[in-house]
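First up is the structure itself, then whatever we jot down about it.
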Amino acid sequence: MADKGYSSEAFRQACRERGTEPIIAKPKTPNIKGLGKLRYVVEQTFALLHQFRRIAIRWERRLDIHDSLVSLACAMICWRRLIK
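Residue numbers for the sequence shown follow our numbering, so the first one is 13 and each next one is one higher.
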């Protein structure tokens with residue numbers, strides 16, 4: 013799911029190559045109904061992950077270490093929500 017700004021065919025093709033279906037409103041057409049509710053979840057997740065400074069500013073050069081830190085941050089976020 014993306015904004016109308018990402019509606020180019022190159023972007024859509026890149027999504028299809030990754031095995032995902034692009035859900036993007038075309039320019040000069042009405043917005044996709046309910047897209048805001050679904051995008052909110054994604055944006056909220058990024059906001060939660062950026063609480064962890066080491067992830068927000070990518071200090072790690074190695075992708076495997078960065079991926080493990082993101083996984084650890086996700087686990088900590090879930091744990092915090094579960095204990096509430």
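Beta carbons: idealized from backbone N, C-alpha and C, even for Gly.
Small disclaimer: the values here were computed from a predicted structure and weren't measured.
Quick check: the stretch 75-89 against the stretch 53-67, are at least 3 beta-carbon pairs closer than 8 Å? As far as the Cβ criterion goes, the stretch 53-67 touches the stretch 75-89, which means the pair count is three or higher.
Taking C-alpha atoms, which residue in M88, I77, K16 and R73 lies nearest to T41? Stepping through the sequence shown from its first residue, residue 41 is reached at position 29. When M88, I77, K16 and R73 are compared, the shortest CA-CA separation from T41 is found for K16.
Considering just the uninterrupted stretch of the alpha helix (DSSP H) at I67, what are its terminal residues? Indexing the sequence shown from 1 puts residue 67 at position 55. Unbroken alpha helix (DSSP H) run through I67: R65 to A68.
Starting from M88, follow the alpha helix (DSSP H) in both directions and report where the run begins and ends. Reading the sequence shown from its first residue, position 76 is the one you call residue 88. Where M88 is concerned, the enclosing alpha helix (DSSP H) starts and stops at L75 to I95.
Whole angstroms is fine: what's the gap from C86's alpha carbon to D76's? Translated into the one-based positions of the sequence shown, residue 86 becomes position 74. Translated into the one-based positions of the sequence shown, residue 76 becomes position 64. So the alpha carbons of these two residues sit roughly 15 Å apart.
Which class does A14 belong to by DSSP, given the choice of helix, strand or coil? Start at 1 with the first residue of the sequence shown, and residue 14 comes out as number 2. Collapsing the DSSP output to three states places A14 in a strand.
Pick out whichever of R24, L60, Y18 and R73 has its Cα sitting closest to the Cα of W91. For the purposes of this step, residue 91 is taken as the residue at position 79 of the sequence shown. Considering only alpha carbons, the answer is L60.
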